Amino acid sequence: MSPVTLGERCRADFPILSRTVHGYPVAYLDSAASSQKPRQVIEAIQRYYERSHANVHRSIHTLGEEATELYENARDAVRAFIGARSREEIVFTRGTTEAINLVAQVVGRTLVPGDEVLVTEMEHHSNLIPWQLACRDRGAVLRAVPVRDGCHLDLDAFRRLLGGRTRIVAVTHVSNVLGTINPVAEMARAAHAAGALVLVDGAQAAPHLALDLAGLGADFYAFSGHKMLGPTGIGVLYGRQEVLDRLEPAWGGGEMIKEVWIDRAQWNDLPWRFEPGTPPIAEAVGLAAAVEYLDTLGMPRVTAHEQELTRLAQEALAALPGVTLYGPPPGERRGAVVAFNVEGIHPHDGAAILDEAGIAVRAGHHCAQPLMKRLGIVGTLRASFCVHSIQAEVERLARAVSTLQAQL
Ligand code: 7TS
Numbered sequence: 016m017s018p019v020t021l022g023e024r025c026r027a028d029f030p031i032l033s034r035t036v037h038g039y040p041v042a043y044l045d046s047a048a049s050s051q052k053p054r055q056v057i058e059a060i061q062r063y064y065e066r067s068h069a070n071v072h073r074s075i076h077t078l079g080e081e082a083t084e085l086y087e088n089a090r091d092a093v094r095a096f097i098g099a100r101s102r103e104e105i106v107f108t109r110g111t112t113e114a115i116n117l118v119a120q121v122v123g124r125t126l127v128p129g130d131e132v133l134v135t136e137m138e139h140h141s142n143l144i145p146w147q148l149a150c151r152d153r154g155a156v157l158r159a160v161p162v163r164d165g166c167h168l169d170l171d172a173f174r175r176l177l178g179g180r181t182r183i184v185a186v187t188h189v190s191n192v193l194g195t196i197n198p199v200a201e202m203a204r205a206a207h208a209a210g211a212l213v214l215v216d217g218a219q220a221a222p223h224l225a226l227d228l229a230g231l232g233a234d235f236y237a238f239s240g241h242k243m244l245g246p247t248g249i250g251v252l253y254g255r256q257e258v259l260d261r262l263e264p265a266w267g268g269g270e271m272i273k274e275v276w277i278d279r280a281q282w283n284d285l286p287w288r289f290e291p292g293t294p295p296i297a298e299a300v301g302l303a304a305a306v307e308y309l310d311t312l313g314m315p316r317v318t319a320h321e322q323e324l325t326r327l328a329q330e331a332l333a334a335l336p337g338v339t340l341y342g343p344p345p346g347e348r349r350g351a352v353v354a355f356n357v358e359g360i361h362p363h364d365g366a367a368i369l370d371e372a373g374i375a376v377r378a379g380h381h382c383a384q385p386l387m388k389r390l391g392i393v394g395t396l397r398a399s400f401c402v403h404s405i406q407a408e409v410e411r412l413a414r415a416v417s418t419l420q421a422q423l
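According to our numbering, the stretch in the sequence shown is residues 16 to 423, in order.
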């Protein structure tokens, strides 16, 4: 199957794509913010609530056992999907943001004044603010790897910034603005050689790239279900077992303990030590269905399809007068986002006009203000692609963008 027809084949699975916006069939080009859901995911959640719902890990009754089995099976499905070694390494969270905050809390507690945390200039605020808080609380120093040539990390600067005081490197796998795919395996090797831990923000990678976390070498890897065809309210923190094993829990509550006295407690085994309280059960069931859907398509095919559409969009937009594109040039392997500006048009105005034509794109700083500052802009428009995206939508986008200047 040619990559472009993958989108045509998938479309019927996404009920929302049959609706119209302002009289036009919706062209949903905002999957990087949150993806739409295939019927298979919606139905799995509905089936769960109609047939198997109860609380997990505590009930002897049949429904409780079924819910527990579905929840734990979802963990196994995620483990296999991302190539982790064991189910102990898969912690369910509410999303990428919570996963990163969890690590920032537990690793943050181990920081002492003068320790360093290394992030990059292209991080989403989710992978920046938790580290600002941790550093502020512990007297640690936050440093950032600069972005050079508008879209790549300066790896020489990275090596210079890595030092004996660096405790953790927190870097995004794929930039949500530029689409740059960072060399995270290489960065993890360098960070480990310097004695630092590595957290990779995989929010924009897990939906689009085949992952092999055992091979990648990161200590932590965070991503969100809702960006990869799954429901909102669930995400994953992968943690290398040897590392998770020696960490204290982030938060306390039910289910994360083995035995409790009034003044102390014995922690539960992995991964439950990091999952206090009633977890997102239906959401885990939905995420398992999303992972199964992506697996059936095959991640290499998903990647090829999305990269082809990304290239088509880059070429179509670059051909228009007054359009500036951000990120690596066409042909370089990159994520499924295309950020751009149109001369004289504020991104918010541009997005509002595109919406009138039924085209949904994101506009603004994309929660990456330090990157915007580095690029010297207030924001961008951004189109992003998914399994159901098709060439006709790219062409509609380019046509609509070509009329923007005339409409203001
Ligand atoms: N990290 C990256 C790289 C992201 O792109 C996002 C969300 C997050 C973390 C946070 O994920 P959450 O699910 O916990 O909210 N990015 C975007 C975006 O690009 N547009 O809207 C949300």
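Glycine is no exception: its CB is placed at the ideal position from the N, C-alpha and C atoms. These numbers were taken from a predicted model, which means no experiment stands behind them.
Can you give the Cα-Cα distance for V19 and M243, rounded to whole angstroms? Reading the sequence shown from its first residue, position 4 is the one you call residue 19. Reading the sequence shown from its first residue, position 228 is the one you call residue 243. In this prediction, V19 has a pLDDT of 48, which is less than 50 and means its spatial position is unreliable; what the coordinates show is noted afterwards. Between V19 and M243, the C-alpha separation is close to 19 angstroms.
Does ligand 1 have a heavy atom nearer than 7 angstroms to the CB of H241? The count along the sequence shown starts at 1 and reaches residue 241 at position 226. Flag set: Cβ of H241 near ligand 1.
Just list the beta strand (DSSP E) runs in the segment 326-395, keeping only unbroken ones of 3 residues or longer that don't cross its boundaries, in chain order. 338-340, 352-357, 377-379
Nearest-angstrom Cα distance between L390 and Y341? The residue given as residue 390 occupies position 375 in the sequence shown. The residue given as residue 341 occupies position 326 in the sequence shown. Cα-Cα distance, rounded: 9 angstroms.
Is the separation between the beta-carbon of T111 and that of D216 shorter than 8 angstroms? The residue labelled residue 111 in the question sits at position 96 within the sequence shown. The residue labelled residue 216 in the question sits at position 201 within the sequence shown. Contact flag set, yes.
Let me know if Y64 comes out buried or exposed under the rule of 16 or more other beta-carbons within 10 Å of its beta-carbon. Within the sequence shown, numbered from 1, the residue matching residue 64 stands at position 49. Y64 comes out exposed.
Cβ shell of Q55 (< 6 angstroms), same chain only, five flanking positions each side left out: Looking up residue 55 in the sequence shown gives position 40. A304, Y308, listed in sequence order.
Using CA atoms only, rank isn't needed, just tell me which of G123, H72, D310, E131 is closest to A159. Position 144 of the sequence shown, counted from the first residue, corresponds to residue 159. Minimum Cα distance to A159 is reached at E131.
Check for me: the alpha helix (DSSP H) holding D310 runs from which residue to which? Mapped onto the sequence shown, residue 310 falls at position 295. Element bounds for D310: 296-312.
Note the first and the last residue of the continuous beta strand (DSSP E) segment covering F238. Position 223 of the sequence shown, counting from 1, holds the residue named residue 238. From DSSP, the beta strand (DSSP E) with F238 extends over 235-239.
Could you round the C-beta distance between L212 and A328 to whole angstroms and report it? I think they count as a contact, below 8 angstroms. Within the sequence shown, the letter at position 197 stands for residue 212. Within the sequence shown, the letter at position 313 stands for residue 328. Contact doesn't hold; Cβ gap of about 36 angstroms is too wide.
Could you check the C-alpha separation between V127 and R182 for me, to the nearest Å? Stepping through the sequence shown from its first residue, residue 127 is reached at position 112. Stepping through the sequence shown from its first residue, residue 182 is reached at position 167. For V127 and R182, the distance between alpha carbons rounds to 10 angstroms.
Classification of M16 by the beta-carbon crowding that lies within 10 angstroms, buried from 16 upward: Locating residue 16 in the sequence shown gives position 1, counting from the first residue. Residue confidence for M16 is low, a pLDDT of 45 falling below 50, so the modelled location carries little weight; the figure read from the coordinates is stated next. Exposed: under 16 other Cβ atoms inside 10 Å.
Do the segment 381-388 and the segment 219-230 meet, that is, are 3 or more Cβ pairs less than 8 angstroms apart? no
Just to check, is the beta-carbon of N142 closer than 7 angstroms to a non-hydrogen atom of ligand 1? Taking the sequence shown and counting its residues from 1, one reaches residue 142 at position 127. Yes - ligand 1 has a heavy atom lying nearer than 7 angstroms to the Cβ of N142.
Would you mind working out which of D164, P30, A48 sits nearest G240, comparing C-alpha positions? Looking up residue 240 in the sequence shown gives position 225. Of the candidates D164, P30, A48, the one whose C-alpha sits nearest the C-alpha of G240 is A48.
Who are the near neighbours of M314 in its chain, counting only those whose CB is closer than 6 angstroms to its CB and skipping five residues on each side? The count along the sequence shown starts at 1 and reaches residue 314 at position 299. Here the set comprises A225.
C-alpha distance - H14 paired with I144, whole-angstrom precision: The structure shown does not extend to residue 14, since the chain is modelled only from 16 to 423, so the question has no answer here.
Compare the beta carbon distance of V409 and A333 with 8 angstroms and say whether it is the shorter of the two. Taking the sequence shown and counting its residues from 1, the one referred to as residue 409 is at position 394. Taking the sequence shown and counting its residues from 1, the one referred to as residue 333 is at position 318. Cβ atoms of V409 and A333: not closer than 8 angstroms.
Going by DSSP, what residues sit across from H167 in a beta bridge? If you number the sequence shown from 1, residue 167 lands on position 152. DSSP lists R163 as partners of H167.
Using a Cβ-Cβ distance under 8 angstroms, would V213 count as near chain D? The structure shown contains no chain D; it holds only a single protein chain.
Contact between the segment 387-406 and the segment 339-357 (3+ Cβ pairs under 8 angstroms): yes
In the DSSP assignment, what are the bridge partners of Q281? Taking the first residue of the sequence shown as 1, we reach residue 281 at position 266. The partner list for Q281 (beta bridge, DSSP) reads E274.
Which word fits L302, buried or exposed, when buried means at least 16 other C-beta atoms lie within 10 angstroms of its C-beta? Walking along the sequence shown from the start, residue 302 turns up at place 287. It is buried - the Cβ of L302 has at least 16 other Cβ atoms within 10 Å.
Determine the direct distance from the alpha carbon of H76 to that of I196, and round the result to whole angstroms. For the purposes of this step, residue 196 is identified with residue 181 of the sequence shown, where counting begins at 1. For the purposes of this step, residue 76 is identified with residue 61 of the sequence shown, where counting begins at 1. Answer to the nearest angstrom: the Cα atoms are 47 angstroms apart.
Under three-state DSSP, which class holds R90? Here residue 90 is taken as the residue at index 75 of the sequence shown, counted from 1. Note: R90 maps to helix in three-state DSSP.
Contact set for C150: own chain, Cβ-Cβ below 6 angstroms, skip 5 residues either direction: Residue 150 sits at position 135 when you count from the first residue of the sequence shown. Excluding residues within five positions, the ones whose Cβ falls inside 6 angstroms are V132, L157.
Looking only at its own chain, which residues have a Cβ that is under 8 angstroms from the Cβ of P264, when we skip the five neighbours before and after it? Translated into the one-based positions of the sequence shown, residue 264 becomes position 249. Result list for P264: V121, M271, W282, R288, F289, P291, in chain order.
For ligand 1, is there any heavy atom lying closer than 7 angstroms to the beta carbon of D216? Position 201 of the sequence shown, counted from the start, is the residue given in the question as residue 216. At least one heavy atom of ligand 1 is nearer than 7 angstroms to the Cβ of D216, so yes.
Rounding to the nearest angstrom, what Cα-Cα distance links G443 and A27 in this structure? Because the chain spans 16 through 423 in this model, residue 443 falls outside it and cannot be assessed.
Do I296 and Y86 count as a contact pair if the criterion is CB distance below 8 angstroms? Position 71 of the sequence shown, counted from the start, is the residue given in the question as residue 86. Position 281 of the sequence shown, counted from the start, is the residue given in the question as residue 296. Result yes, Cβ atoms of Y86 and I296 sit closer than 8 angstroms.
Three-way DSSP call (helix, strand, coil) for G245 in this model: Along the sequence shown, one-based indexing puts residue 245 at 230. The answer is coil: DSSP assigns G245 none of H, G, I, E or B.
What are the partner residues of F107, as DSSP defines its beta bridges? Along the sequence shown, read from residue 1 onward, the residue named residue 107 stands at position 92. Looking at the DSSP assignment, F107 forms a beta bridge with V251.
What are the residues that DSSP puts in a beta bridge with T35? For this step, residue 35 is matched to residue 20 along the sequence shown. Answer is P40, bridged to T35.
Could you give the C-beta distance for A299 and I360, rounded to a whole number, given that I count them as a contact under 8 angstroms? What you label residue 299 is simply residue 284 of the sequence shown in a count that begins at 1. What you label residue 360 is simply residue 345 of the sequence shown in a count that begins at 1. Not quite, the Cβ-Cβ distance comes to about 42 angstroms (not below 8 angstroms), so this is no contact.
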